[in-house]
Amino acid sequence: MSLISVRGLAVARGGLRVIEGLDFELGAGQAIVLRGPNGAGKTTLLRCLAGLQPAVTGQIECPPDSIAYAGHADGLKPALTVTENLEFWSAVFGGPDIAPALAAMNLTDLAARPAHALSAGQKRRLGLARLMVTGRPVWLLDEPTVSLDQGSVALFATMLRDHLAQGGAALIATHIDLGLPEAQVLDLAPYRARPGLRQDRPAGFNEAFA
Amino acid sequence: MKALLLRDLRLAVRAGGGFGLSLVFFLILCTLVPFGVGAEGGQLSRIAPGILWVGALLACLLSLDRIFALDHEDGSLDLLATAPLPLEGAVAIKALAHWLTTGLPLVVFAPLLGVLLHLPTAAYPLLVLSLALGTPALSMLGAFGAAITVGLRRGGLLLSLLVLPLYVPTLIFGAEVVRRGAVGADPTTPLVFLAGITLATLALVPFAAAAALRVNLR
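In the order they appear, the protein sequences are chains A and B.
Under this note's numbering, read the first sequence as residues 1 to 210, first letter to last.
Under this note's numbering, read the second sequence as residues 211 to 428, first letter to last.
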């Protein structure tokens with residue numbers, strides 16, 4: 001069964017199409033790594049799938065409340081401790097236990113520390129631990145390994161593999177090798193929007209005012 | 211929703227949260243006015259209702275841009291928008307948290323500052339009542355302005371300009387309630403209008419603010 005299926009999707013950034021005619025399916029236990037040069041539309045695609053911006057055309061099918069999104073920013077409050085940050089997101093997503101998430105990203109020793117005292121890599125680990133308390137099957141990850149050291153990347157790969165083994169799925173935009181040989185690679189270059197008349201292929205609602 | 215409210219209240223009272231800023235501003239304004247216009251009792255007590263209401267309104271305005279701007283900067287707003295919580299509910303809760311940290315302290319301390327301004331004794335219950343009825347509307351309308359300006363750098367200026375006209379009806383009826391209380395007239399009509407404005411604001415604005423947030427998150 002596919003958790004997310006995309007047909008003929010086109011997405012736009014800043015009033016210009018960046019990706020056109022994208023088709024893919026992501027089933028339980030599968031991971032797809034998005035590749036593409038800077039500006040290829042990886043972030044735009046992930047934000048569109050997360051429901052933060054509308055698609056220009058095409059269909060996205062997924063079960064309701066199945067997507068957890070992790071963007072460039074971690075959504076942490078510097079004045080709260082690691083535990084408080086994670087407990088907040090756990091409560092928003094229906095209150096699963098935060099201890100496994102802390103353990104998975106090796107944050108247990110830092111649990112009582114305020115988030116402003118964490119290093120960039122530790123903050124990112126906390127941001128990734130948040131995914132585990134969402135309890136959602138599809139993870140959309142935008143450059144998840146930024147500022148992580150090699151050991152932490154391995155921790156993250158382990159967490160991801162556990163998630164896939166439990167019937168989850170993940171769509172990951174990244175430039176580095178995660179050590180996930182089972183992941184498929186989706187290169188966005190062939191789906192790059194062709195240059196052409198904008199009138200023929202409007203980029204969205206804003207075009208009405210252009 | 212409770213978790214969001216508790217988080218916002220906790221953030222407001224921790225270091226750098228800005229709790230008390232509005233209250234101190236209100237205090238400064240009400241302390242300075244008697245020096246500015248002179249301590250002559252009759253004149254002061256005549257303008258006291260207006261000063262107290264304008265002071266409360268400006269104090270409220272001071273902290274509005276924090277409602278969504280901080281959450282937008284650190285990415286929590288994106289994550290909240292993809293959370294199971296409806297965005298309308300999140301807006302309402304954040305406005306409530308803003309009211310609890312700015313509006314409610316103003317309501318509680320306004321009678322003390324009324325003494326500084328020679329407010330007639332009969333007007334005190336009405337001052338508290340009118341502020342308690344009116345300030346929730348100020349927080350909610352402010353949340354709408356904050357939602358519109360959320361992606362802008364230094365959006366505070368634009369936010370104030372957008373929100374000020376929306377505050378005018380609340381100010382007019384709120385100050386009128388206190389003025390009538392001070393001169394011993396019947397305050398029912400402005401009180402009912404004030405309550406009506408607040409209720410309409412609470413019912414409609416969360417939807418408008420959530421729609422504005424969705425557009426700004428694109």
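From the three backbone atoms N, C-alpha and C, an ideal C-beta is built for every residue, glycine too.
Being a predicted model, the structure only gives us computed values, none of them experimental.
- Taking the CA atoms as reference points, Ala-12 (chain A) sits about 12 Å from Gly-21 (chain A).
- Taking 8 Å as the cut-off, the Cβ atoms of Val-146 (chain A) and Arg-124 (chain A) count as close.
- One thing to note: Leu-76 (chain A) has its Cβ no nearer than 8 Å to the Cβ of Thr-292 (chain B).
- Of all alpha-carbon atoms in A:Asp-65, A:Arg-35, A:Glu-25 and A:Asn-38, the one lying nearest the alpha-carbon of Thr-134 (chain A) is that of A:Asp-65.
- According to DSSP, residue pairing for Gly-179 (chain A) in a beta bridge does not occur.
- Separation of the CB atoms of Asp-74 (chain A) and Leu-140 (chain A) is rounded to 15 Å, and the pair is thereby denied contact status at 8 Å.
- Using a Cβ-Cβ cut-off of 8 Å, Arg-276 (chain B) does not count as an interface residue toward chain A, since no Cβ of chain A sits closer than that to its own.
- Contacts between Asp-396 (chain B) and chain A, judged by CB atoms closer than 7 Å, are missing: the closest CB pair is about 47 Å apart.
- By the neighbour-count criterion, in which a residue is buried when 16 or more other Cβ atoms sit within 10 angstroms of its Cβ, Ala-169 (chain A) is buried.
- For Ala-213 (chain B), the chain A residues whose Cβ falls inside 7 Å of its Cβ are Phe-88, Ala-91 and Val-92, in order along the chain.
- Using a CB distance cut-off of 8 Å, Ala-104 (chain A) does not count as an interface residue toward chain B.
- Asp-97 (chain A) sits in coil when the DSSP states are folded into three classes, being neither helix nor strand.
- Counting along the chain, the unbroken beta strand (DSSP E) around Leu-3 (chain A) starts and ends at 2-13.
- Under the DSSP assignment, Glu-20 (chain A) falls outside any alpha helix (DSSP H), being part of the beta strand (DSSP E) whose first and last residues are 16-27.
- Distance from the Cα of Leu-86 (chain A) is smallest, within the candidate group B:Leu-214, B:Leu-314 and B:Leu-322, for B:Leu-214.
- By the beta-carbon neighbour count (other beta carbons within 10 angstroms, threshold 16), Pro-400 (chain B) is buried.
- Only residues of its own chain outside the window of five on either side were considered, and among them Ala-266, Cys-270, Trp-309, Gly-313, Leu-316 and Val-317 have a CB closer than 7 Å to the CB of Thr-345 (chain B), listed in chain order.
- Ranking B:Gly-352, B:Val-402 and B:Cys-240 by CA distance to the CA of Leu-368 (chain B) puts B:Gly-352 first.
- Straight-line spacing of the CA atoms in Pro-321 (chain B) and Leu-409 (chain B) works out to 24 Å.
- With a minimum length of 4 residues, the unbroken runs of alpha helix (DSSP H) contained wholly in the segment 300-341 of chain B fall at 314-326.
- In this structure, the CA atom of Leu-46 (chain A) is about 9 Å from the CA atom of Ile-172 (chain A).
- Annotation: Cβ neighbours of Leu-76 (chain A) in chain B (cutoff 7 Å, chain order): Asp-284.
- Leu-128 (chain A) has its alpha-carbon roughly 53 Å from the corresponding atom of Val-387 (chain B).
- Rounded to the nearest whole angstrom, the CA to CA distance from Val-18 (chain A) to Pro-37 (chain A) is 12 Å.
- Your pair Thr-380 (chain B) and Ala-332 (chain B) does not check out as a contact, with CB atoms roughly 22 Å apart and the cut at 8 Å.
- Within the same chain, Val-247 come within 8 Å of Gln-253 (chain B) by CB-CB distance, once the 5 residues on both sides are set aside.
- In the three-state DSSP reduction, Glu-298 (chain B) falls in the helix class (H, G or I).
- In the three-state reduction of the DSSP assignment, Gly-394 (chain B) falls in the coil class.
- One Cα belongs to Asp-218 (chain B), the other to Leu-297 (chain B), and the distance between them is close to 15 Å.
- Out of A:Pro-100, A:Asp-149, A:Gly-15 and A:Ala-189, the CA that lies nearest to the CA of Ser-119 (chain A) is found in A:Asp-149.
- Using a CB distance cut-off of 8 Å, Leu-141 (chain A) does not count as an interface residue toward chain B.
- Here Gln-150 (chain A) carries a helix assignment [DSSP, helix/strand/coil].
- Chain A has no Cβ within less than 8 Å of the Cβ of Pro-296 (chain B).
- Within chain B, the residues whose beta carbon sits less than 9 Å from that of Asp-65 (chain A) are Pro-294, listed in sequence order.
- Secondary-structure assignment with DSSP links Tyr-69 (chain A) through a beta bridge to A:Leu-140.
- Gly-135 (chain A) is outside the set of residues whose beta carbon lies under 8 Å from a beta carbon in chain B.
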